[in-house]
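Residue numbers (our numbering), protein chains in the order written: chain S, 85 to 217; chain X, 17 to 421.
See below for the structure under consideration.
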Amino acid sequence: MNCPICKEPMIILELNRVEIDYCPVCSGIWLDEGELELLYSIDNTESELKKLFRESSDSKEKSFKCPVCRKKMIKIRFNNTELIIDKCPVNHGLWFNKGELEKVLSAKTNQSSQKVLSLLKEMFSYNKSQEAE
Amino acid sequence: MWELIQSNRRKSLILFFGMGALLILIGYVFGSYYDPEAGGVVGVFFAIVLWVILSALSYFAGSKILLAVSGAKEVTKDVHPQLYNVVEEMKIAAGVPFFPKIYIIDDPAPNAFATGVKPENSAIAVTSGLLSTLNRYELQGVVAHEMSHIVNRDILLMTFAGVMLGVITIMSDIFFRGMYFGGGSRYRSRSSSKSSGQAQVIVMILAIILAILGPVLAQLFYFAISRKREYLADASAARLTRYPEGLANALEKIANSTHKLRSANKVTAPMYIVNPLKREGMKLADLTSTHPPISERIKILRALQQGVSYNDYQRVFEMIHGKKEKIIPDSVLKESIAVTPVIGLTNEDKDFNPIEARREANDAVMKLNDYNFINCKCGVKIKIPPDYNKPIVVCPRCGTRHQLR
Ligand SMILES: [Zn+2]
Ligand SMILES: [Zn+2]
Ligand SMILES: [Zn+2]
């Protein structure tokens, strides 16, 4: 699968049973529809994440193609914030630019997303330390 | 064992020749429709040649073609250790001297089949969907069922009969397509006498009837051939695993899956443990089905409470069917020894984790597609696609730079 932005092949990272597609060039993250479900089924908590997204038609951001089906992804606004995320129109998954997933997860406070957030922090701890320097 | 193969084969052969007669009839009538004088012979010739070629092809390369058409890829132990171990266990339990090749099909719909006209070069293929939905005991049941098809030498006859079913279906398709594009009529206009015109009409009606009913009849023949073999393989699987509930649960999960097998077609469908071509909301599906109804297979397996020998299966089969019918050959029943089922196993495999099973199945598919797996010492598993063209990959967790080949 190629990164929707750089068009370069993405690598897959797995830690503590969670799997994400990751672009080593732009640090973007692709979350498969099934993967998102898995992330939230860890605690058996119903995914409320999806309810927080509203379609945003006024976005000026450049649109990208879904890496699975090549259809033009739609822009969705997260919980009335400035955060805009790309979503496949036929639900193959969500695309997060560098740092976006973290912001989404830190906005929610339920246990499940806390877990996912700390997991992501773990997974990218080296990248974080590099940025700090 | 040979007895088991022989006695089952006799009745099957009669049905097999019946199916052959149907093929010849269809060839003759379709040919006559196109050309009343010489067409019949040409049609029969065409039908037989098509069947012989496809049969020869499936005898010598059938496994390879079937596996290729299904998109199956051969796997080694490290691709999916559990599947490999289960096949090994069932091979030992069945006492077969050869090791079947193991294939995985990348498809979310759970299903499986066995192939190979000679047991020495047989193969068992399962979908990734099967691996991600079944626990160990259920997988054992499915593999034991397929192993039984190999041991009972079912595959040769089922392959030839399956090809015949395919040829009849193809001929009926060609006929309808030809009629749609106006074939046949140019010959009819040539004949001048009234009586031959009438004969033409009769041939045409007969041809249309055969084109509609031919595939249905062929399927009934095929069903009659495969039916006992499916039951027998279920009986063998119950005996081999000594845990009929495993196969029963597996069949239930396969039947209840909402996924459709992408690679399945009319010719390959009968080879699978559960017919992958489900026709929703159609009662006719039962009539033209190539498999015994799953609900009945499950009911029999679940009723095997006291014992799982061939004798028990025969008894329970008659009890559920409500009438006498030999489903297991006499010679086998005579030698049938009591086998007690394993008790104490719960329906659920205690260690079974659906998320993990799915991950393992996905990993297996990635390994088949030449992904490079790196286990970083920090605990992150990095899976690198074959088209990744940089010489190194940096672990985002610990910063280790992994050199790639
Ligand atoms: Zn990128
Ligand atoms: Zn898509
Ligand atoms: Zn690492």
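Cβ coordinates follow ideal geometry from the N, Cα and C atoms, glycine included.
Item to complete: Taking only beta-carbon positions, decide if I398/X is within less than 8 Å of chain S.
Response: Output row for I398/X: interface = yes.
Discussion item. Counting only Cβ pairs nearer than 7 Å, list the residues of chain S close to G415/X.
Written reply: Per Cβ cutoff of 7 Å: Y210.
Fill in: Below-8 Å beta-carbon distance, P126/X vs any chain S residue
Chain S contact via Cβ: absent.
Worksheet entry | Interface residues of the stretch 90-106 of chain S facing chain X [CB-CB below 9 Å] | Listed by position along the chain: E92, P93, M94, I95, I96, L97, E98, L99, N100, R101, E103 and Y106.
Item to complete: Specify the secondary structure class of N378/X as computed by DSSP and reduced to three states.
Response: The answer is helix: DSSP assigns N378/X an H, G or I state.
Worksheet item: Excluding sequence positions up to five away, which residues of its chain have a Cβ less than 7 Å from the Cβ of V355/X?
Response: When the five nearest sequence neighbours on each side are left out, the beta carbons in the same chain lying within less than 7 Å of the beta carbon of V355/X are those of R255, R258, G323, V324 and S325, in order along the chain.
Item to complete: Would you mind reading off the limits of the beta strand (DSSP E) that contains A88/X?
Response: Taken as a continuous stretch (DSSP letters only), the beta strand (DSSP E) holding A88/X covers A88 to E90.
Practice prompt. Put Q419/X into one of helix, strand or coil per three-state DSSP.
Written response: Under the three-state reduction of DSSP, Q419/X is assigned to strand.
Worksheet item: Is C414/X near ligand 1, judged by its Cβ being under 7 Å from some heavy atom?
Response: Checking every heavy atom of ligand 1 against the Cβ of C414/X, none is found closer than 7 Å.
Worksheet item: What is the DSSP secondary structure of E103/S, reduced to helix, strand or coil?
Response: Reduced to three states, the DSSP call for E103/S is strand.
Worksheet item: Hey, would you say the C-beta of I89/S is under 7 Å away from at least one heavy atom of ligand 1?
Response: Placement of the Cβ of I89/S at a distance of less than 7 Å from at least one heavy atom of ligand 1 is found.
Worksheet entry | Quiz: which residues have CB nearer than 6 Å to ligand 2 non-hydrogen atoms | The set, ordered by position in the chain, is C150/S, V152/S, C153/S, K155/S, C172/S, V174/S and H176/S.
Practice prompt. Can you tell me the Cβ-Cβ gap for E206/S and R374/X, rounded? I've got them flagged as a contact below 8 Å.
Written response: Rounded to the nearest angstrom, the Cβ distance from E206/S to R374/X is 22 Å, too far for a contact under 8 Å.
Worksheet item: Exposed or buried, A380/X, counting other C-beta atoms within 10 Å across all chains shown (16 or more means buried)?
Response: Buried.
Worksheet item: Comparing the CB of K397/X with every heavy atom of ligand 3, is any distance shorter than 7 Å?
Response: Result no, Cβ not under 7 Å from ligand 3.
Worksheet entry | Residue from I314/X, I353/X and V348/X with nearest C-alpha to H337/X | Ranking I314/X, I353/X and V348/X by Cα distance to H337/X puts I314/X first.
Worksheet item: Who are the near neighbours of A160/X in its chain, counting only those whose CB is closer than 6 Å to its CB and skipping five residues on each side?
Response: Excluding sequence neighbours, A160/X sits near M106, A253, L256 and T257.
Worksheet entry | Chain-ordered chain X contacts of E206/S [CB-CB under 7 Å] | The answer, in chain order, is R413.
Worksheet item: Helix, strand or coil: how does DSSP classify D170/S here?
Response: The answer is strand: DSSP assigns D170/S an E or B state.
Discussion item. Can you find the residues in the same chain that come closer than 7 Å, C-beta to C-beta, to W67/X, ignoring five residues on each side of it along the sequence?
Written reply: Excluding positions up to five away in sequence, the list reads L39, V179, M180 and V183.
Worksheet item: Is the CB of D15/X under 8 Å away from at least one CB in chain S?
Response: With chain X covering 17 to 421 only, the question about residue 15/X has no answer from this structure.
Worksheet item: In chain order, what residues of the same chain have a beta carbon less than 6 Å from the beta carbon of E90/X, not counting five sequence neighbours either side?
Response: K117 and Y119.
Fill in: Boundaries of the alpha helix (DSSP H) in which A72/X is found, first to last residue
Counting along the chain, A72/X sits inside the alpha helix (DSSP H) bounded by residues G55 to V85.
Discussion item. So if I threshold CB-CB distances at 7 Å, which residues from the stretch 379-408 of chain X count as touching chain S?
Written reply: Shown in chain order are the members of the stretch 379-408 of chain X whose Cβ falls below 7 Å from a Cβ of chain S: G395, V396, K397, I398, K399, I400, P401, D403 and Y404.
Worksheet item: Name the chain X residues whose beta carbon is nearer than 9 Å to that of P108/S?
Response: Going along chain X in sequence order, the residues near P108/S (Cβ under 9 Å) are Y404, K406, V409, V410 and P412.
Worksheet item: Helix or strand or just coil, what does DSSP make of T131/X?
Response: Taken through DSSP and simplified to helix, strand or coil, T131/X comes out as strand.
Item to complete: Report back the beta-carbon spacing between T175/X and G78/X to the nearest angstrom; my notes put them in contact at under 8 Å.
Response: Right, the Cβ-Cβ distance comes to about 6 Å (below 8 Å), so this counts as a contact.
Worksheet entry | C411/X, buried or exposed, once every other Cβ within 10 Å from all chains shown has been counted against 16 | With 16 or more neighbouring CB atoms inside 10 Å of its own CB, C411/X falls in the buried class.
Practice prompt. Out of T149/X, A177/X, V232/X and V95/X, point me to the one whose CA is closest to D189/X's CA.
Written response: Nearest Cα to D189/X within the set T149/X, A177/X, V232/X and V95/X: V232/X.
Fill in: For N391/X, the three-state DSSP class (helix, strand or coil)
N391/X: strand per DSSP, three-state reduction.
Discussion item. So the candidates are A377/X, A251/X, A88/X and Q419/X; which of them puts its Cα closest to the Cα of N327/X?
Written reply: The option with the nearest alpha carbon to N327/X is A251/X.
Discussion item. Closer than 8 Å is the cut-off here; do at least three beta carbon pairs connect the stretch 80-90 of chain X with the stretch 51-67 of chain X?
Written reply: Touching, no.
Discussion item. My output table needs one value for I118/X: the three-state DSSP class, helix, strand or coil.
Written reply: Under the three-state reduction of DSSP, I118/X is assigned to strand.
Item to complete: Rounded to whole angstroms, what's the CA-CA distance from V167/X to P135/X? Just pull it up for me.
Response: Going by the C-alpha atoms only, they are around 7 Å apart.
Practice prompt. Just the C-alpha distance for A11/X and G157/X, rounded to the nearest angstrom, thanks.
Written response: Missing from the structure shown is residue 11/X; chain X here goes from 17 to 421 and no further.
Fill in: Residues near K383/X by beta carbon distance below 6 Å, same chain, minus five either side
Answer for K383/X: V95, listed in chain order.
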